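A short write-up of the structure that comes next.
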Amino acid sequence: MDGNEETVRGSKRIWGAAALALIAAVLLALAGGASAYPPGSPEAQLGTTRTELIALRGSLTTPSARLWLSRSVASLGWSIDADCWASEGQWPDGLSAGRCWQGIRVALHRLAAADASGELAAKAHPQILEIVNMVKGLAETASSMASSFRFLQDPGGFARWWSIQHDIDLGDRHLLLDARWAFNDYLRAWGRWGNTSLDYPPIATAFGAETVQPKVDSNPAGSAEAFQVGATGSALSRINIYVDPGSTATSLVAGIYADGEGGPGQLLAQASTPLAQGGGDWNTVHVPKTALTPGATYWIAILTPDGGGTLRFRDRCCRGGGTSLTAMSLETHLTVLPATWSTGRQFKDGPLTVFGTD
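Once you know that position 48 of the sequence shown is 48 in this note's numbering, the rest is easy, because the numbers rise by one and skip nothing.
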């Protein structure tokens, strides 16, 4: 949207000390509350490590390092709370397990990446390795639950987890032809984490990238905006959106539309997630699994329901700075995304800071 459209989007804010304070409040909220997982369970251990990372954040002096760690903690929290094992100790099906590992993978990827100052990499190294060891422990716990690894031969259970739902290979082999290969590749992959470089492969995305765009943009509650994207994958289950620290939105609705002659067409999937006021983190919206055509054009729409505050995010607005199209909804009092999009004004503010994963 153009910068002159003040009635559609609030004025842009440059976040500074006040924004960092809001991030701190979000992290405290993430840390609070008793764990719903049994004491000593892998999830409870990961939750403890997350709390330690939050404490570590207080010792960081560089804003970039503090923000980077904030994103990582939020990502780890989502993977524990939304995707991992149920509190009663039941194992999930292959799809749920794959999502759990993908969520943890995102968190580890962010933690392993160095911030601009290098402060985080220097101070957080022991905590990063602790998380790695905890995740590795999940596999060891799993293997001890079945004699002779019989679960690996079950095509409907763990075998799906290892060989289909999560690509654990870090370079030796990309086609995991059976579960035994997958399990061995997994152990070998974790062995690579013993070095100090903490290298990690890029996350496979369905569209978009983890790059945080430079401009703060905003939409009032009830007004949706759709951003043009090109599919790079064949399936979508998660829409990951960066919410700026200045956001006051209490919830986020996100969805994907098919292309409709240069604008959003029919809605393919949508879902919502609550937001901690203040933003400053990546937030994941879990949508029903949707098939995509690689190379095809789609539209990612975002919305704060009417009455839910102002959503602030990152893109390349305004005045010709963008490289892809965006479209505002004609309706201005939405609570969910419409099944068929009606376009109001169009701009060239993209790309949005968003990426999709399966």
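Every residue gets a Cβ at the ideal spot worked out from N, C-alpha and C, and that includes glycine.
Keep in mind the model is a prediction, meaning the values are calculated, not measured.
With 16 other Cβ atoms within 10 Å as the buried cut-off, status of residue i
| i | result |
| --- | --- |
| THR323 | exposed |
| ARG319 | exposed |
| THR353 | buried |
| THR61 | exposed |
| SER237 | buried |
| SER70 | buried |
| ASN195 | The predicted position of ASN195 is uncertain, since its pLDDT is 37 and thus under 50; a value taken from the coordinates is nonetheless stated next. Looking at its Cβ environment, which holds fewer than 16 other Cβ atoms inside 10 Å, ASN195 is exposed. |
| ALA204 | exposed |
| GLY255 | buried |
| THR326 | buried |
| GLY58 | exposed |
| ALA231 | buried |
| GLY208 | buried |
| PRO214 | exposed |
| ALA296 | exposed |
Selection from the options that minimises the alpha carbon distance to residue i
| i | options | result |
| --- | --- | --- |
| ALA226 | ALA249, ALA122, LEU303 and GLU210 | LEU303 |
| ASP306 | ASN219, THR293, ALA339 and ALA271 | ASN219 |
| ARG316 | ILE256, PHE347, SER70 and THR250 | PHE347 |
| THR248 | GLY295, LEU311, GLY222 and LYS215 | LEU311 |
| TYR242 | GLY118, PRO264, ARG50 and GLY356 | GLY356 |
| TRP341 | THR250, GLU261, PRO214 and SER117 | GLU261 |
| TYR257 | THR273, ALA55 and ALA224 | ALA224 |
| ILE239 | THR232, ALA206 and PRO214 | ALA206 |
| ASP349 | THR343, MET328, ARG66 and GLY321 | GLY321 |
| LYS289 | THR297, GLY233 and ARG50 | GLY233 |
| ASP281 | GLU52, THR48, LEU67 and THR51 | LEU67 |
| SER64 | GLU119, GLY295, GLY344 and THR273 | GLU119 |
| ALA339 | ALA55, LEU56, LEU292 and ALA301 | ALA301 |
| PRO351 | GLU210, LYS123, ARG50 and THR51 | GLU210 |
Assumed close pair residue i, residue j - CB separation to whole angstroms, cut-off 8 Å
| i | j | result |
| --- | --- | --- |
| VAL229 | ARG314 | About 15 Å separates the two Cβ atoms, so there is no contact after all. |
| ALA235 | ASP358 | 4 Å |
| LEU330 | VAL253 | 17 Å between Cβ atoms; not a contact. |
| GLY265 | LEU334 | Wrong, their Cβ atoms sit about 17 Å apart, outside the cutoff. |
| ASP259 | TRP299 | 7 Å |
| GLY246 | VAL216 | 7 Å |
| SER251 | LEU267 | Not really, about 18 Å apart at Cβ, beyond 8 Å. |
| GLY263 | THR343 | 5 Å |
| ASN283 | THR293 | Incorrect: roughly 26 Å between the Cβ atoms, too far for contact. |
| LEU56 | LYS123 | 6 Å |
Could you pull out every unbroken alpha helix (DSSP H) segment of at least 4 residues lying fully inside the stretch 266-317, listed in chain order? Here no run is fully enclosed.
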